[in-house]
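Below is one structure, written out as structure tokens; comments come after it.
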Amino acid sequence: MAVREPPASSPEDLGRHAAWYVLAGVVTTAAQAVLFLVLRPELGSQAANLVAIAITTVGNTEFHRRVTFEGRRSKATKRHFQDLLTFCFYAGYGSLVLASLDVLVAQPSALLETAVLLAASLVGGIVRFAVLRWWVFARA
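If you want it as structure tokens, here you go:
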């Protein structure tokens, strides 16, 4: 049985991981917002959000595996499980955020919905960084 080592404790390592993570997050979140805005008229807010999340989650996680946490190994089944958990978290979280907005605002605009989803994504991204660094790509 492998014993887990804590992630490297050097500030440079953490800083590098954080920088790549933020860059990937900005690109992914922008792509998600564009997909949401493009799909929303045809699918509605909830479905557009789910499709946008599904498309961007896989690419984002693969980027983190190859670049952000490069050199740290993780089993494919663990990564796929993490993809599924990430999708479920953001899908549930985003759906709840959109439903809450609908309660507060009678007919929210596409831009307001997008802004609220972007804010929610920021909070979720901070949690995800910790999970990726200390669980999915932890040193084994």
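With this note's numbering, letter number 91 in the sequence shown gets 89, and the count goes up by one each step, no holes.
C-beta atoms are modelled at their ideal positions from N, C-alpha and C, and glycine is treated no differently.
Asked	Found
For F127 and P5, the rounded distance between their alpha carbons	Here the model assigns P5 a pLDDT of 49, short of 50, so the residue's position is not dependable, and the following value carries that caveat. Answer to the nearest angstrom: the Cα atoms are 13 Å apart.
Distance between A118 and Y91 (C-alpha atoms, nearest Å)	8 Å
Residue from L110, F34, I124, L21 whose Cα sits closest to the Cα of I53	F34
Beta-carbon gap between T84 and T55 smaller than 8 Å	yes
At least three beta-carbon pairs within less than 8 Å, the stretch 101 to 119 to the stretch 29 to 47	yes
The alpha helix (DSSP H) enclosing A119, as first and last residue numbers	Note that residue 119 is Ser in the sequence shown, not Ala. Per DSSP, S119 belongs to the alpha helix (DSSP H) from 108 to 129.
Spatial distance of G42 from A50 (CA atoms)	12 Å
Sequence-distant residues of its chain with Cβ nearer than 7 Å to H15 (five each side left out)	T66, F67, R131
Cα-Cα separation, A22 to F61	7 Å
Straight-line Cα distance separating N47 from T26	13 Å
Span of the alpha helix (DSSP H) around V103	V103 -> no alpha helix (DSSP H), and no H or E assigned at all.
DSSP state of E68 mapped onto helix, strand, coil	coil
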